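> If you read the protein sequences in the order shown, they are chains R and C. Counting from 0, one number per residue, gives the positions in the first sequence under numbering that gives the first Met the number 0. Counting from 0, one number per residue, gives the positions in the second sequence under numbering that gives the first Met the number 0. We treat Cβ as the ideally placed atom computed from N, Cα and C, and that holds for glycine. It should be emphasised that the depicted structure is a prediction, and the values quoted were computed from it without experimental measurement. Have a look at the structure that comes next, please.
2 protein chains.
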Amino acid sequence: MAEAAGVSIGTVSNVLNGNRPVRPETVAAVEKAMSRLGYVPNHAATTLRKGRSQIIGLVVPDIANPYFGEVAKGAQEAAELHSLSVIVASAGTTANDARQLLLLRSRGVDGLLYAGSEALGENSLAEIARHVPMVLSGADSENLKVDTVVAHDQQGGAKVAAHLAGLGHRNVLVLEGKVGSWTSARRLHGFHQAFDKAGTRVETMRGYFLVEAAREALAADLAKGKPWYTAVFATNDLMAVGAIQALSAAGYRVPEDISVVGYDDVLIASMLRPALTTVVQPARQLGKLGAERLIARIKGDRASGRVRLVLDVDLAVRASTAPPRR
Amino acid sequence: MAEAAGVSIGTVSNVLNGNRPVRPETVAAVEKAMSRLGYVPNHAATTLRKGRSQIIGLVVPDIANPYFGEVAKGAQEAAELHSLSVIVASAGTTANDARQLLLLRSRGVDGLLYAGSEALGENSLAEIARHVPMVLSGADSENLKVDTVVAHDQQGGAKVAAHLAGLGHRNVLVLEGKVGSWTSARRLHGFHQAFDKAGTRVETMRGYFLVEAAREALAADLAKGKPWYTAVFATNDLMAVGAIQALSAAGYRVPEDISVVGYDDVLIASMLRPALTTVVQPARQLGKLGAERLIARIKGDRASGRVRLVLDVDLAVRASTAPPRR
DNA sequence: CCGGCGCATTGAAACGTTATGAGAGATTGG
DNA sequence: CCAATCTCTCATAACGTTTCAATGCGCCGG
């Protein structure tokens, strides 16, 4: 290509990168040749030479899940500002997470953003983090010495508690998602801390994290007789949907008879009738801030110790909650 | 790294690629050294040398949109089978599409999968397709000489028509999405072809493609008096949601009084009460088959002419449709 | 008129891999 | 026992950039 413009390849490089001054006429000649030939620099060669690929890898459990779509979008927004590209790897299964991370590493990414499950062995993560900058987005780890961006799950639980208590509820049924998930454990911990006091009653049903299972579990419970609770708190929106369906089917009105609160604020939450009161997960922010942290590390911030960013969450109060019946 | 194993770098290459036979003991030694050092091959160097990056680029308008999340997932599934990675570029705006495509090209992708808007100028696409294999997924183009994988929109419209006609409906209100979109035009064309006959009445309201706008437009219409139609066909699910909300608010029951049909089968469709009858878009298949076509092209299928794959769509009959009131 | 200086450009080395011709032993057939 | 063959390994040239020392050239001050 260089020859087409009548200059040396080094000069072309200077035109492209501006590392050395180039005479305006020369610049013009080079640019003309470039556009004439439809030339684009070979990224692989640049990467090889510079040792940086300008690509960051993002590992998510499932890119088809809207939540992770948001995370990916946030990460991309941040990356774009620094002219980086994002390779998204959708793991599928947890076991696959490690493989995907490794694959990305061999692809020569400059850094890794991990938004996967907390269940992945910390050893594998640590091993990889030794070789390439890594940041956790949405996941969390006590032991891993890695920057982390997470939502304030406890706060979310606490806000739900405050809202329900403020409306006058004292008896709440909790539907807990995936058992063993630290995330939902933190949410519940926050809830209990803020809600439990003399004269209140809270009980938890565990293990239901999709619409159908939650619907059937609650329906079974309702079949036993008049419920003791005036509100249901589901640790994710899908379970809340199931709960509303079960309650309606059993003849209870939401929110007049029983209030329902969800968690996540997935797209559907605001479209339901009644629109769902729920905690807004800052998914896009999680991705964006995670990527920014990662980029800071890549750009050589070895100074600061482990950074742990905790994002505040908000409660979107909609139509599915109301004061309890007297 | 090679030295650590006591062999030449060429031998390491042979161990990795199996291009030449290597003595078992040598293989063992190399592998031992590799794992001891945590060595991974430098992808950039491989790409530079081989001239193939093992990466395909996917351009979508918005990765946070669940539909495109599905497309991305399908593409990844296909890519993984051939040990390719996918870089997902989320354009944001149509104007950005071309820029993203260019960016990906300079990243040295082996091929491009374009799932973007049909509105992007065909010239820019053609220009890029001249340099790197490209396939259209979900988009379509009459003039562009490029492989294409699309859903059979006409068929979808026709299936809706057949379903409603079969139930006995003869008067249908259509809510048309984004005006000027070829996609919704094809859907409507299919609908009319199959539905229109003596004694039927179909009218179209245009320009509403989100929940709120559809809800308000329909509410305004209902306020005028008893509706002349017994069914509403929305060319996407979000408008269908809005329609159901407007109908309920106005005191009409779905489906007893008025039936509603959507299009797309987004996640929410099955969670609504009543669950929405809608056309299932094979989003994941679109991504998967598009990627497969692209990979075939990359692997050197220059033989066949332009391939155009049209995927059948299905109607998911749920609870939002019923025979009209007599 | 000449030495020195600054500017624009060049040439060559290096990045880590793959492909390939050639070499070193070991094995076989005559 | 030697030549031919086979098996494995090595050394080296690319791939397309960036980097940097070196070069050429015009211009200034002395």
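Using 8 angstroms for Cβ pairs, my map puts G63 of chain C next to K72 of chain R. What's the rounded Cβ distance?
One detail in the question is off: residue 63 of chain C reads as Ala in this sequence, not Gly. With a Cβ gap of about 4 angstroms, A63 of chain C and K72 of chain R count as contacting.
> I'd like to check one pair, Y228 of chain C with L172 of chain C: are the Cβ atoms closer than 7 angstroms?
yes
> When DSSP builds the beta bridges, which residues end up paired with E175 of chain R?
BP columns for E175 of chain R point to R:R205.
> Verify the CB distance criterion: does A290 of chain R have a CB-CB separation below 7 angstroms to chain C?
Not closer than 7 angstroms to any Cβ of chain C, the Cβ of A290 of chain R fails to qualify, so no.
> Nearest by alpha-carbon distance to V312 of chain C: which of C:V26, C:D61, C:R186, C:S123 is it?
Selected option, being the one with the closest Cα: C:R186.
> Is the beta carbon of T320 of chain R sitting closer than 7 angstroms to the one on T277 of chain R?
no
> May I have the straight-line CA-CA distance separating H188 of chain R from R205 of chain R, to the nearest angstrom?
14 angstroms
> Using alpha carbons as the reference points, say which of C:L163, C:P273, C:S89, C:R104 lies closest to G331 of chain C.
This structure cannot settle anything about residue 331 of chain C, because the visible part of chain C is limited to 0 through 325.
> Of all the options R:V316, R:R317, R:L285, which has the alpha carbon lying nearest to the alpha carbon of S135 of chain R?
In the sequence as displayed, the identity of residue 135 of chain R is Leu instead of Ser. Answer by Cα proximity: R:L285.
> With distances taken Cα to Cα, identify the nearest neighbour of E202 of chain R among R:D61, R:T10, R:A230.
R:A230
> Could you name the residues of chain R that G17 of chain C contacts, counting a contact when the two beta carbons are closer than 9 angstroms?
Per Cβ cutoff of 9 angstroms: no residues; G17 of chain C is ~17 angstroms from chain R at best.
> To which residues of the same chain is F326 of chain R closer than 6 angstroms at the C-beta, ignoring the five residues directly before and after it?
This structure gives no information on residue 326 of chain R, because the portion of chain R shown stretches from 0 to 325.
> As an exercise, report each continuous beta strand (DSSP E) stretch of at least 3 residues that is fully enclosed by the region 185-268 of chain C, in chain order.
200-205, 230-233, 258-263
> Determine the chain R residues that contact M133 of chain C at a beta-carbon separation under 7 angstroms, and present them in chain order.
Close to M133 of chain C, with beta-carbon spacing below 7 angstroms, lies no residue of chain R; the smallest spacing is near 14 angstroms.
> How should A222 of chain R be labelled, buried or exposed, when 16 other C-beta atoms within 10 angstroms of its C-beta is the threshold for buried?
exposed
> Contact between the region 15-27 of chain C and the region 42-55 of chain R: three or more CB pairs below 8 angstroms?
No: fewer than three Cβ pairs fall under 8 angstroms.
> Check T45 of chain C in the structure and name its three-state DSSP category.
helix
> What is the DSSP secondary structure of S105 of chain C, reduced to helix, strand or coil?
Of the three classes helix, strand and coil, the one that applies to S105 of chain C here is helix, per DSSP.
> Does any residue of chain R have a CB that is nearer than 7 angstroms to the CB of T364 of chain C?
Outside the shown range of chain C, which is 0 to 325, sits residue 364 of chain C, and nothing can be said about it.
> Give a yes or no on whether the C-beta atoms belonging to L100 of chain C and V39 of chain C are separated by under 7 angstroms.
No, Cβ-Cβ distance for L100 of chain C and V39 of chain C is not below 7 angstroms.
> Short of 8 angstroms in beta carbon distance, which residues of its chain neighbour Q153 of chain R, apart from the five on each side in sequence? Order them along the chain.
R185, R186, H188, G189, Q192
> Between L107 of chain C and chain R, is there a C-beta pair that is closer than 7 angstroms?
In the sequence as presented, Leu is not what sits at residue 107 of chain C; that position holds Gly. It does; some Cβ of chain R falls within 7 angstroms.
> Hey, is L187 of chain C's beta-carbon within less than 7 angstroms of any beta-carbon in chain R?
no
> To which residues does DSSP link G110 of chain C through a beta bridge?
C:I55
> Does Q75 of chain R come within less than 7 angstroms of chain C when only Cβ atoms are used?
By this cut-off, Q75 of chain R is an interface position.
> Would you mind working out which of R:R283, R:A212, R:G56, R:N235 sits nearest T182 of chain R, comparing C-alpha positions?
Minimum Cα distance to T182 of chain R is reached at R:N235.
> Apply the 10 Å Cβ neighbour rule to K144 of chain R and answer buried if 16 or more other Cβ atoms are within range, or exposed otherwise.
exposed
> On the CB-based measure, 16 or more other CB atoms within 10 Å of its CB, does L163 of chain R come out buried or exposed?
buried
> Against A71 of chain C, what residues of chain R qualify as contacts under a CB-to-CB distance less than 8 angstroms, listed in chain order?
I62, A63, V87, S89
> Report the option in R:L124, R:D195, R:S12 whose CA atom is closest to the CA atom of T25 of chain R.
Ranked by how close their Cα comes to the Cα of T25 of chain R, the residues R:L124, R:D195, R:S12 have R:S12 in first place.
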